[in-house]
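S.K.: The sequence shown begins at 1 in UniProt numbering and counts up one residue at a time. Glycine included, C-beta positions come from ideal geometry on N, C-alpha and C. Pasting in a structure now, in structure tokens, and then I'll have a few things to ask.
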Amino acid sequence: MTPNYESWSKGELIARLRELEAKNHPKSTHSPTSKKPFHFSSHPKRKIAIKFCYSGWEYNGLAYQNGPTPLPTVEDVLFKAFVKARLVDETGGLDGCGWEKCGRTDRGVSAAGQVVSLWVRSALPTETSSKSSTKHELRYVSILNRLLPPTIRVLAWSSISPDFSARFNCKHRHYKYFFTSHGLDVSLMQSAANHLVGEHDFRNMCKLDPGKQITNFHRCVMRAQINPLSPESDGDNRVYVFDLVGSAFLYHQVRHIMAVLFLVGTGVEQPSIIPALMNVFHAESDSSTKSPLPLVDRKPEYQMADALPLMLWDCAYADSDVTWQTDGDGTESGTGSELYHQLHSIHQRSLIHTVLDEHFLTAATQYNSPPPQYFPFSQTGLTPHTLPHSTLGREPVLGVPLGAGTYKRSARYIPLLERKRLDHVDVANERWRIGRGSKYSKQKTPDDGTE
């Protein structure tokens, strides 16, 4: 006989529900939360390198930080994915798995070819987990990408020798900086960039960090080339890329170089400013013009370029060190195709955003006139001393580009070599040693290949 639940009290109904649940779901003798312990020591390991990309604007830089950060770091998110996949033991941290990165990127800077090397769990017996053994191995790319957010994608992996280092085995690092030609004379920028090639002292084109105690600022640049990416019909909105290739880079070196190139492109500085900033020890002559160069042994104050357009494009290694591979077989269902579709979809959506922004600008120009264009001086025929005043007699405001649509605005431009200088590197390093540095028993190790 079915009970008349309508006449039951609330307490009686709850008791009845609990009784029915107990009958349908009898208690197990085993705890539902108990899991078989996973012992990493009972699994074989191998050393691998992974190549991955990430959207820098989503993260607080690449490097793992001990303290809290406004945004997550790439290394923290990536390491947690390795832990969740049980590829590394969380208790050992980054050091426990021999984690090494090729070069750090700071907040806002992206990468398309960053590399990390580490020891991971393998599906192959230890005696067969050699550099050449990859058949029937764990599908590292697909495993990690299932756990990572879309803003970090593992592209490939390679088996490596036990003594391989993602940082020290790197032959060169290739950065790309994207910009438009709006207000810029790209030919002048290339003339200035030509001076960068070779080994030079870049202390005046990087961020000086006394905590690193760096005394050697010599770095070798192998290539510094500007090339167009969009058709000439785009006019002054034509997109260009600055390719900078070198063995290693100083802290924020690429963004400082780009800021100086923007000054040259507008015309407020000459291409000779590059060799002048690299002349830090004694008076020399410009090799191209034979004119004397000023001694610049202390860095002038200036703002570095924006982080958004900067990308670590590639970290290059000897063919004998790495053999990059994916999990997919190239078919429609393969991992490679799936990864391509993901990134292609993101690219398609970005193109639509660009078109929308372009139409917003077109709509605005129906009612708002664009401001007067002063740059580049090589095309407008102006100089800092011949800029026209407004109809109200006000001095014009110059907007020197910093990249990605950002500008340094001021009514008066002060040439770089006439600006206030920072303390000499030796003075700054010594002040740190007797101050904050005295609190540490060990000095920081310089982190080459950084930006």
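Quick check on ASP426: buried or exposed, where buried means 16 or more other Cβ atoms within 10 Å of its Cβ?
M.R.: Mapped onto the sequence shown, residue 426 falls at position 426. Label assigned to ASP426: exposed.
S.K.: Tell me which same chain residues have a C-beta within less than 8 Å of the C-beta of LEU417, skipping the five on either side of it?
M.R.: Position 417 of the sequence shown, counted from the first residue, corresponds to residue 417. Once the five neighbours on either side are set aside, the close Cβ partners of LEU417 are ILE273, ALA276, PRO294, VAL296, PRO300.
S.K.: Alpha carbon to alpha carbon, what distance is there between SER320 and VAL115?
M.R.: Indexing the sequence shown from 1 puts residue 115 at position 115. Indexing the sequence shown from 1 puts residue 320 at position 320. When rounded, the distance between both Cα atoms is 16 Å.
S.K.: Using three-state DSSP, classify LYS171 as helix, strand or coil.
M.R.: Indexing the sequence shown from 1 puts residue 171 at position 171. Of the three classes helix, strand and coil, the one that applies to LYS171 here is coil, per DSSP.
S.K.: Tell me which same chain residues have a C-beta within less than 6 Å of the C-beta of LEU87, skipping the five on either side of it?
M.R.: Position 87 of the sequence shown holds residue 87. Apart from the 5 residues on each side of it in sequence, LEU87 sits with its Cβ closer than 6 Å to the Cβ of VAL120, ARG121 in its chain, given in chain order.
S.K.: Buried or exposed, going by whether 16 or more other CB atoms sit within 10 Å of the CB of PHE281?
M.R.: On the sequence shown, position 281 is the one that residue 281 refers to. It is exposed - the Cβ of PHE281 has fewer than 16 other Cβ atoms within 10 Å.
S.K.: Helix, strand or coil: how does DSSP classify GLY330 here?
M.R.: Counting from 1 along the sequence shown, the entry for residue 330 is found at position 330. Any reading at GLY330 must be qualified, since the residue scores a pLDDT of 46, below 50, and its modelled position is unreliable; no value is offered.
S.K.: Give me the Cβ distance between GLY265 and VAL141, rounded to the nearest whole Å; I'm assuming they're in contact under 8 Å.
M.R.: As a working note, residue 265 is residue 265 in the sequence shown. As a working note, residue 141 is residue 141 in the sequence shown. In fact, because the Cβ distance is near 40 Å, the residues do not count as touching under 8 Å.
S.K.: Determine the direct distance from the alpha carbon of GLY11 to that of GLU21, and round the result to whole angstroms.
M.R.: Sequence index remark: in the sequence shown, residue 21 carries index 21 (1-based). Sequence index remark: in the sequence shown, residue 11 carries index 11 (1-based). Their backbone Cα atoms lie some 16 Å apart in a straight line.
S.K.: Please say whether ALA404 and LEU308 have beta carbons closer to each other than 9 Å?
M.R.: If you number the sequence shown from 1, residue 308 lands on position 308. If you number the sequence shown from 1, residue 404 lands on position 404. Cβ distance < 9 Å, so LEU308 and ALA404 count as in contact.
S.K.: CB LYS101 to CB ALA63, shorter than 9 Å?
M.R.: Taking the first residue of the sequence shown as position 1, residue 101 is located at position 101. Taking the first residue of the sequence shown as position 1, residue 63 is located at position 63. In this structure, ALA63 lies closer than 9 Å to LYS101 by Cβ.
S.K.: Along the alpha helix (DSSP H) that carries GLY11, what are the first and last residues, could you check?
M.R.: As a position in the sequence shown, residue 11 is number 11, starting the count at 1. Here the alpha helix (DSSP H) through GLY11 covers 10–24.
S.K.: Just checking my contact of HIS174 with ASP314 at CB under 8 Å: how many whole Å lie between their CB atoms?
M.R.: Walking along the sequence shown from the start, residue 174 turns up at place 174. Walking along the sequence shown from the start, residue 314 turns up at place 314. The beta-carbon separation of HIS174 and ASP314, rounded to 4 Å, stays under the 8 Å limit for a contact.
S.K.: Are there 16 or more other CB atoms within 10 angstroms of the CB of THR450, so buried, or fewer, so exposed?
M.R.: Walking along the sequence shown from the start, residue 450 turns up at place 450. If you draw a 10 Å sphere on the C-beta of THR450, you find 16 or more other C-beta atoms in it, and that means buried.
S.K.: Rounded to the nearest angstrom, what separates GLY435 and HIS424 at their Cα positions?
M.R.: Here residue 435 is taken as the residue at index 435 of the sequence shown, counted from 1. Here residue 424 is taken as the residue at index 424 of the sequence shown, counted from 1. Annotation: GLY435 to HIS424 spans about 17 Å, alpha carbon to alpha carbon.
S.K.: To the nearest angstrom, how far is the alpha carbon of SER158 from that of PRO388?
M.R.: Here residue 158 refers to the residue found at position 158 of the sequence shown. Here residue 388 refers to the residue found at position 388 of the sequence shown. Those two C-alpha atoms are separated by around 60 Å.
S.K.: Can LEU244 and ALA224 be called in contact, C-beta distance under 9 Å?
M.R.: Here residue 244 refers to the residue found at position 244 of the sequence shown. Here residue 224 refers to the residue found at position 224 of the sequence shown. Against a cut-off of 9 Å, the Cβ pair of ALA224 and LEU244 comes out as a contact.
S.K.: What three-state label does DSSP hand GLN325 in the structure shown?
M.R.: Start at 1 with the first residue of the sequence shown, and residue 325 comes out as number 325. Of the three classes helix, strand and coil, the one that applies to GLN325 here is strand, per DSSP.
S.K.: Considering only residues of the same chain and omitting the five flanking positions on each side of LEU55, which have a CB-CB separation below 6 Å?
M.R.: Working through the sequence shown from its first residue, we reach residue 55 at position 55. Correcting the residue identity first, residue 55 is Ser in this sequence and not Leu. Within the same chain, SER110, THR151 come within 6 Å of SER55 by CB-CB distance, once the 5 residues on both sides are set aside.
S.K.: Helix, strand or coil for TRP57, going by three-state DSSP, please let me know.
M.R.: Counted from its first residue, the sequence shown places residue 57 at position 57. Looking at TRP57 - three-state DSSP - the assignment turns out to be helix.
S.K.: With H, G and I counted as helix, E and B as strand and the rest as coil, what does DSSP make of ILE214?
M.R.: The residue given as residue 214 occupies position 214 in the sequence shown. The answer is coil: DSSP assigns ILE214 none of H, G, I, E or B.
S.K.: Looking at C-alpha atoms only, which residue of LEU422, LEU398, LEU402 is the closest neighbour of TYR413?
M.R.: Residue 413 sits at position 413 when you count from the first residue of the sequence shown. It is LEU398 whose Cα lies nearest to the Cα of TYR413.
S.K.: Just list the residues that DSSP pairs TRP157 with in beta bridges.
M.R.: Start at 1 with the first residue of the sequence shown, and residue 157 comes out as number 157. Residue pairing by DSSP places TRP157 opposite ILE50, GLN325 in a beta bridge.
S.K.: Do you know how far the Cα of LYS439 is from the Cα of ARG433?
M.R.: What you label residue 433 is simply residue 433 of the sequence shown in a count that begins at 1. What you label residue 439 is simply residue 439 of the sequence shown in a count that begins at 1. Straight-line Cα distance between these residues: approximately 9 Å.
S.K.: For LYS47, I'd like the list of residues in its chain whose CB is within less than 6 Å of its CB, leaving aside the five on either flank, ordered along the chain.
M.R.: By 1-based counting over the sequence shown, the position of residue 47 is 47. Take LYS47, set aside five residues on each side of it, and the residues of its chain with a beta-carbon closer than 6 Å to its own are TRP119, ILE160, PRO162, in chain order.
S.K.: Could you give the DSSP three-state label for CYS420: helix, strand or coil?
M.R.: Against the sequence shown, residue 420 aligns to sequence position 420. At residue 420 the sequence reads Lys, which differs from the Cys that was named. Three-state result, LYS420: coil.
S.K.: Can you list, in chain order, the residues of its chain whose CB lies under 8 Å from that of VAL154, leaving out five sequence neighbours each side?
M.R.: As a first step, residue 154 is located in the sequence shown; it is residue number 154 there, counting from the start. ILE50, LYS51, PHE52, TYR140, VAL141, LEU144, ASN145, LEU148, listed in sequence order.
S.K.: For the alpha helix (DSSP H) containing ALA81, list its first residue and its last residue.
M.R.: Here residue 81 refers to the residue found at position 81 when the sequence shown is read from its first residue. Run containing ALA81: 74–84, per the alpha helix (DSSP H) assignment.
S.K.: Going by DSSP, what residues sit across from GLY225 in a beta bridge?
M.R.: Taking the sequence shown and counting its residues from 1, the one referred to as residue 225 is at position 225. The displayed chain sequence assigns Gln, not Gly, to residue 225. Bridge partners of GLN225: ASP243.
S.K.: Please name the residue or residues paired with GLN114 in a DSSP beta bridge.
M.R.: Within the sequence shown, numbered from 1, the residue matching residue 114 stands at position 114. In the DSSP output, where bridge partners are listed per residue, GLN114 has PHE52.
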